[in-house]
DNA sequence: ACGGACATCCAAACCGCTTTGGATTTCGTC
DNA sequence: GACGAAATCCAAAGCGGTTTGGATGTCCGT
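Protein chains in written order, with my numbering: chain A, 727 to 1071; chain B, 727 to 1071.
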């Protein structure tokens, strides 16, 4: 419990060299069992803990993973981002790694990565929210900084490690469900489509429609930040149009809540007059569970994705020669209260 | 742009000692202007950046702030926590500090702090979500680790630095507004009351009632995690009771959305049949703005709180002798669409 | 011409750990 | 009883910076 003993003092107290003490504590074999025990006990007694800066300097590994989050990203991805972080964070601490997060102005993002590399702040990073014209992976390859992508970088799927859910498939299945229920005018409230995940979701939506001989109607497709008012305002506008949709496919629970609000304000009933399927990232503060979940949804835990992403990255770091590994998660399609057969008009 | 020059190489290229180069780059006076310029240019050219581990070891300052977040906390405080983090993060990076976040199992929280202190992982920490029986500050004082509290620790207001909003006053004002509108049966959907902030909010609520001669009705007061279903379920139950409330005072936008949903499901109209006032933490993904905000609310930006908390902490670290400083923020009371006069029955 | 005040710069110690390259002891074997 | 292998342990050299305690040179007043 006493504070601030360093290796030198500890070794003096034991009449041993720093070498031996260090080895004893780090589990190297060239130390007798008896000595190891003595060392461990004294270390415990004196409350010794190695100074992490010194250890990092000596080993050349920073034992930290960086997450660079530009303002703009976290403005829109806010809750999802944290959930991911929480998952990753658990993996890190289980492996003795620190998580360092840099919130930077949008135009300083590249700088942030360069600093992490040149100042040796982290042994690897995670790329969040890849865009269609993604370039961060180029920079990181050039900087020789290991990374894992949360999502996929179009055109770089083979050369990078990533973890992603099957966005296209999930939205295709969701759309099919709505079609099976008899809906033909389906609105898509998507996330920002300069992001890869949103692009894929739209593709799934369109593919499903076309497979049944339907033509996607541009007037029914919206794309924006996934806030609550976004869902409400757009749903409101669409519901009041001449030929309103009977179902909504929504990219986020938060917006879906907005859609539900709009439906209510129009005097309609969700799941009866109008159906909603939303993607559910399984955010802890927005549980959509219970016997019958409020929303019919495609669900994939972003927290789990965080855990796995971290594991992938730590693997890459410990075995630097390994080739890129990726994980493709499938979303579940879960039936809730927000869907029903299309109303016959 | 070339990678990986260290101080030694840089100084050799310049025919200068490491001392001089170090001093030149760190702005010490005992270097001629001309030399300083030469050094700066060469450093730029070779892409020199000091290894942060080495610098930290040499200076004895880790240039990092720690945030320990136990699973339980972030389960419930999720989005609010991130918004705070985002604010703090900006301040940190502006001052050259790193932010390190440890996600730990609940029963390892103390361990996490001890490690931060003994291994010198951070120069200070921020305490999130102080409880009524808070003890973390004791530990940190004992460990001699500077800290700032987000919220207040009952009984330790004088001896600690903290930043908090005026929870009591905010809820008192909100309650008064409802009373002024003629509501007398007001329900309180509060956060977990083992947390200090929730306790204060309840006090504000009760004080306002009692000041008008009303007795708080325990049946109308709930306390839980502030999820959406929590708001919906409790509102539903209360609305269906014999003597239902005509107004709700809610501790979080997320739960308030649930309350609105319940009101809709009961065939009632928010702001007309039933009023809602919620606290609004100004979360970026839940904007409650527009010409007339959806919810009447008490608003206080947690992000701003994060920025300020970080500033307080960095001040404490750079001037270790300074006495505790604190910041008391006032929430705005903002009129939205969710309140109206109590319906005459 | 001399001594002190500045202005510049440097060699070396230090931060606290890991790790290399032995040194010493112990032990089984022939 | 000598010898090589195995088991233990250690002194010292890094890791890449910062900082202390001078050394050297220049300028000025007297």
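Just so it is clear, CB atoms sit at the ideal spot from N, CA and C, and this is done for glycine as well.
Since this is a predicted model, take the numbers as computed values, not measurements.
If the cut is a Cβ gap below 7 Å, which residues of chain B does residue 738/A touch? As a first step, residue 738/A is located in the first chain; it is residue number 12 there, counting from the start. Simply none; closest approach about 19 Å.
| said: Counting only C-beta atoms, is residue 867/A closer than 9 Å to chain B at any point? | reply: Taking the first residue of the first chain as position 1, residue 867/A is located at position 141. Cβ-Cβ to chain B under 9 Å: no for residue 867/A.
*asked:* Contact criterion: CB-CB distance below 9 Å. Does residue 839/B meet it with respect to chain A?
replied: Taking the first residue of the second chain as 1, we reach residue 839/B at position 113. Under the Cβ criterion of 9 Å, residue 839/B is not counted among the residues facing chain A.
Item checked: Between the CA atoms of residue 922/B and residue 958/B - distance to the nearest angstrom -> Here the question's residue 958/B lines up with position 232 in the second chain. Here the question's residue 922/B lines up with position 196 in the second chain. Within the model, the alpha-carbon separation for residue 958/B versus residue 922/B is close to 24 Å.
- Task: Counting only runs of 3+ residues fully inside the region 860-916 of chain B, write out the beta strand (DSSP E) ranges in chain order.
- Result: The beta strand (DSSP E) runs of length 3 or more contained entirely in the region 860-916 of chain B are, from start to end of the chain, 873-876, 888-891 and 912-916.
*asked:* Counting only Cβ pairs nearer than 7 Å, list the residues of chain A close to residue 990/B.
replied: One-based indexing of the second chain puts residue 990/B at position 264. Within chain A, the residues near residue 990/B are 990.
Just checking: is the beta-carbon of residue 1116/B within a distance shorter than 9 Å of some beta-carbon in chain A? The requested residue 1116/B does not occur in the structure, where chain B is confined to residues 727 to 1071.
| Does residue 960/B come within less than 9 Å of chain A when only Cβ atoms are used? | By 1-based counting over the second chain, the position of residue 960/B is 234. Output row for residue 960/B: interface = no.
Once you ignore the five residues that flank residue 896/B on each side, which residues in its own chain have a CB closer than 6 Å to its CB?
-> For the purposes of this step, residue 896/B is taken as the residue at position 170 of the second chain. Answer for residue 896/B: 1024 and 1057, listed in chain order.
Exercise for review: Identify the contact partners of residue 963/A in chain B, using a Cβ-Cβ distance below 8 Å as the criterion.
Suggested key: Here residue 963/A corresponds to residue number 237 of the first chain, with the count starting at 1. Those within 8 Å of residue 963/A in chain B number zero; the least Cβ separation is about 15 Å.
Interface positions of the region 824-853 of chain B facing chain A (Cβ-Cβ less than 7 Å), listed along the chain: In summary, the residues of the region 824-853 of chain B whose CB is separated from some CB of chain A by less than 7 Å are 824, 825, 826, 827, 828, 829, 830, 841, 844, 845, 846 and 847, in the order they occur in the chain.
So with Cβ pairs under 9 Å, would you call residue 1027/A a contact of chain B?
The residue you call residue 1027/A lines up with position 301 of the first chain. Closer than 9 Å: no.
>> Contact defined as beta carbons within less than 8 Å: I believe residue 915/B pairs with residue 960/B. What is the distance between those atoms, to the nearest angstrom?
In response: Working through the second chain from its first residue, we reach residue 915/B at position 189. Working through the second chain from its first residue, we reach residue 960/B at position 234. Contact holds; Cβ gap of about 6 Å.
**Prompt:** Hey, does residue 952/B have any beta-carbon neighbour from chain A nearer than 9 Å?
**Reply:** Here the question's residue 952/B lines up with position 226 in the second chain. Output row for residue 952/B: interface = yes.
Strictly by DSSP, which residues pair up with residue 1023/A? Against the first chain, residue 1023/A aligns to sequence position 297. According to DSSP, which records beta bridges pairwise, residue 1023/A is partnered with 1004/A and 1060/A.
At the 9 Å Cβ level, is residue 1046/B part of the contact set with chain A, yes or no?
Looking up residue 1046/B in the second chain gives position 320. Taking Cβ atoms only, chain A never reaches closer than 9 Å to residue 1046/B, which makes this a no.
At the 9 Å Cβ level, is residue 1067/B part of the contact set with chain A, yes or no?
Along the second chain, one-based indexing puts residue 1067/B at 341. No, residue 1067/B does not count as interfacial toward chain A.
Review point. Can you tell me the Cα-Cα spacing of residue 966/A and residue 936/A, whole angstroms?
Key: Looking up residue 966/A in the first chain gives position 240. Looking up residue 936/A in the first chain gives position 210. A direct Cα-Cα distance of roughly 26 Å separates residue 966/A from residue 936/A.
**Message:** Would you say residue 788/A lies against chain B (beta-carbon separation less than 9 Å)?
**Reply:** Reading the first chain from its first residue, position 62 is the one you call residue 788/A. At a cut-off of 9 Å between C-beta atoms, residue 788/A counts as an interface residue with respect to chain B.
Q | Cβ-based burial, residue 1000/B [other Cβ within 10 Å; buried from 16] | A | Counted from its first residue, the second chain places residue 1000/B at position 274. So residue 1000/B counts as buried.
For residue 804/A and chain B, any beta-carbon pair shorter than 9 Å?
Residue 804/A sits at position 78 when you count from the first residue of the first chain. Using beta-carbon distances, residue 804/A counts as an interface residue toward chain B, with a partner under 9 Å.
Give the DSSP-derived three-state secondary structure of residue 983/B in the structure shown.
Residue numbering aside, residue 983/B sits at position 257 when the second chain is read from its first letter. Residue 983/B falls in the helix class under three-state DSSP.
task: For residue 971/A, return the contacting residues in chain B, with the cut-off set at a CB-CB distance below 8 Å.
output: Numbered from 1 along the first chain, position 245 holds the residue referred to as residue 971/A. By Cβ distance, chain B contributes nothing, its closest Cβ being about 20 Å from residue 971/A, past 8 Å.
Q.
So if I threshold CB-CB distances at 7 Å, which residues from the region 765-787 of chain B count as touching chain A?
A. So the list reads 773, 775, 776, 777, 778, 779, 780, 782 and 783, given in the order they occur along the chain.
Taking Cβ-Cβ distances below 9 Å as the criterion, which residues of the region 997-1024 of chain B are in contact with chain A? Within the region 997-1024 of chain B, the qualifying residues are 1009, 1010, 1011, 1012, 1013, 1014, 1015, 1016 and 1020.
Outcome for residue 786/B when other beta-carbon atoms lying within 10 angstroms are tallied against a minimum of 16: On the second chain, residue 786/B is found 60 positions in, with the first residue counted as 1. Around the beta-carbon of residue 786/B, fewer than 16 other beta-carbon atoms lie within 10 Å, marking it exposed.
Per DSSP, which residues does residue 796/A bridge with? Please list them.
Position 70 of the first chain, counted from the start, is the residue given in the question as residue 796/A. Beta-bridge pairing links residue 796/A to 830/A.
- prompt: If you follow the beta strand (DSSP E) that residue 929/A is part of, which residue opens it and which one closes it?
  reply: Translated into the one-based positions of the first chain, residue 929/A becomes position 203. It is not in any beta strand (DSSP E) - residue 929/A instead sits in the alpha helix (DSSP H) that spans 922-937.
Q) Does the distance from the C-beta atom of residue 887/B to that of residue 1052/B stay below 9 Å? A) Working through the second chain from its first residue, we reach residue 887/B at position 161. Working through the second chain from its first residue, we reach residue 1052/B at position 326. The answer is yes: Cβ separation under 9 Å.
Rounded separation between residue 894/B and residue 902/B - CA only: Residue numbering aside, residue 894/B sits at position 168 when the second chain is read from its first letter. Residue numbering aside, residue 902/B sits at position 176 when the second chain is read from its first letter. In this structure, the CA atom of residue 894/B is about 12 Å from the CA atom of residue 902/B.
Simplified DSSP assignment, three categories, for residue 768/A: Indexing the first chain from 1 puts residue 768/A at position 42. DSSP, read as helix, strand or coil, puts residue 768/A in helix.
**Request:** Below 6 Å CB to CB, which residues in the same chain sit around residue 947/A once its five sequence neighbours on both sides are set aside?
**Result:** For this step, residue 947/A is matched to residue 221 along the first chain. 914, listed in sequence order.
So, is the C-beta of residue 812/B closer than 9 Å to a C-beta in chain A?
Walking along the second chain from the start, residue 812/B turns up at place 86. Chain A contact via Cβ: present.
Less than 8 Å between the CB atoms is what I'm expecting for residue 874/B and residue 1038/B, so what's the real figure, rounded?
As a working mapping, residue 874/B is identified with position 148 in the second chain. As a working mapping, residue 1038/B is identified with position 312 in the second chain. With a beta-carbon spacing of about 5 Å, residue 874/B and residue 1038/B fall inside the 8 Å limit used to define contacts.
Task: Contacting residues, own chain, Cβ-Cβ under 8 Å from residue 995/A (five flanking each side not counted) - done: For the purposes of this step, residue 995/A is taken as the residue at position 269 of the first chain. Correct list, in chain order: 989.
Using 9 Å as the limit for Cβ to Cβ distance, is residue 905/B near chain A? Looking up residue 905/B in the second chain gives position 179. Among the residues facing chain A, residue 905/B is not included, as its CB has no counterpart in that chain under 9 Å away.
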